[in-house]
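Colleague: Residue numbers (the working numbering): 104 to 367.
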């Protein structure tokens, strides 16, 4: 009885994650088209692609292979967004990170295809490679956002704007560990099986990580006006300057480029 209640609770949490992350994705898509910013549209595709994979696998039973294709799209577009937003003028490291993520993604798709084509079980190999795949994708974004947050502290900018990059850094770092619980998922057991306590706990952990990530990004990108006002309560700008999305991101890229040159 308790296990069924927990399973339904975790399933509801995971469903909320999918709804929220889709909402953020469509918001960014509309916003990106409005302000004609390619990187925001790319981020939107990443946010929309991720839940589509889960929906196809869980609701329509299209399988892990289908899900992995959309995870591949989401992860690679996340790296492209990071590179375009924070490292547009840099070439070496962003290219290396993208190449590694792309290769790891292709390997993941191939490892999902092997059981379908040849009946070969490569679960633990796939899970082992999924760890660096997820860690690199989201920690690359987390590090870029963290650097941006630190640089923005040098400017007289509304606190809610700085908070956005802090939230992106914190929750990207948090979700980067989402693949670790997979190591403990019993092989051959349905994900979150109420009759298997280990699988149920793992499902709960991943669901909580996922909903935390989606809520953090929801607040970062779609912050309610009442919350902005509360955060800006003691903010007194020296001048009546309101940075646009384009100006803000250009400022961040310039600062990061200057920091890189000064460290050479």
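For glycine and all other residues, C-beta sits at the position ideal for the given N, C-alpha and C.
Runs of 4 residues minimum, wholly inside the stretch 218-262: which ones carry the alpha helix (DSSP H) assignment?
Modeller: 226-255
Colleague: May I have the straight-line CA-CA distance separating residue 177 from residue 195, to the nearest angstrom?
Modeller: Whole-angstrom Cα-Cα distance: 22 Å.
Colleague: Give me the Cα-Cα distance between residue 109 and residue 115, rounded to the nearest whole angstrom.
Modeller: The straight-line gap from Cα to Cα measures roughly 10 Å.
Colleague: Kindly indicate the opening and closing residues of the alpha helix (DSSP H) around residue 105.
Modeller: Taken as a continuous stretch (DSSP letters only), the alpha helix (DSSP H) holding residue 105 covers 105-138.
Colleague: Apply the 10 Å Cβ neighbour rule to residue 133 and answer buried if 16 or more other Cβ atoms are within range, or exposed otherwise.
Modeller: exposed
Colleague: What is the C-beta distance between residue 127 and residue 157, in whole angstroms, given that I count them as a contact (C-beta under 8 Å)?
Modeller: So it is not a contact: roughly 15 Å between Cβ atoms.
Colleague: In the DSSP assignment, the alpha helix (DSSP H) including residue 167 goes from what residue to what residue?
Modeller: 166-189
Colleague: Does the pairing of the stretch 263-272 with the stretch 230-243 give three or more beta-carbon distances under 8 Å?
Modeller: no
Colleague: Three-state secondary structure (DSSP) at residue 197?
Modeller: Correct three-state label for residue 197: helix.
Colleague: Can you give me the Cβ contacts of residue 278 inside the same chain, cut-off strictly under 7 Å, excluding the 5 residues immediately before and after it?
Modeller: 241, 312, 316
Colleague: Is there contact here, the stretch 186-201 with the stretch 139-148, by at least three beta-carbon pairs under 8 Å?
Modeller: yes
Colleague: Among 238, 219, 217, which one has its Cα closest to the Cα of residue 203?
Modeller: The shortest Cα separation from residue 203 among 238, 219, 217 belongs to 238.
Colleague: Using C-beta distances below 7 Å, list every residue in its chain close to residue 135, excluding the 5 sequence neighbours before and after it, in chain order.
Modeller: Same-chain partners within the cutoff: 143, 144, 147.
Colleague: Leaving out the 5 sequence neighbours to the left and right, which residues in its chain are closer than 6 Å to residue 225 when beta-carbon positions are compared?
Modeller: 214, 217
Colleague: Smallest Cα separation from residue 232: which of 207, 256, 129?
Modeller: 207
Colleague: Give a yes or no on whether the C-beta atoms belonging to residue 310 and residue 117 are separated by under 7 Å.
Modeller: yes
Colleague: With DSSP collapsed to three states, give me the class of residue 343.
Modeller: Note that residue 343 scores a pLDDT of 47, beneath 50, so its modelled location is shaky and nothing firm can be said.
Colleague: Which of helix, strand or coil does DSSP assign to residue 313?
Modeller: helix
Colleague: Less than 7 Å between the C-beta atoms of residue 123 and residue 154, yes or no?
Modeller: no
Colleague: When DSSP labels each residue in this structure, what does residue 367 get in the three-state scheme?
Modeller: Low local confidence applies: a pLDDT of 48 at residue 367 is under 50, so the model's placement there is unreliable, and no value is given.
Colleague: Less than 8 Å between the CB atoms is what I'm expecting for residue 303 and residue 295, so what's the real figure, rounded?
Modeller: Cβ-Cβ separation between residue 303 and residue 295: approximately 6 Å, consistent with a contact (criterion under 8 Å).
Colleague: On the CB-based measure, 16 or more other CB atoms within 10 Å of its CB, does residue 152 come out buried or exposed?
Modeller: buried
Colleague: Which word fits residue 198, buried or exposed, when buried means at least 16 other C-beta atoms lie within 10 angstroms of its C-beta?
Modeller: exposed
Colleague: Identify which residue in 306, 305, 281, 263 has its Cα closest to the Cα of residue 327.
Modeller: When only C-alpha atoms are compared, the closest one is 263.
Colleague: Since residue 295 is in the alpha helix (DSSP H), which residue starts that stretch and which ends it?
Modeller: That residue, residue 295, is in no alpha helix (DSSP H); it is neither H nor E in DSSP.
Colleague: From this set, 283, 112, 125, which residue's C-alpha is nearest residue 325's C-alpha?
Modeller: 125
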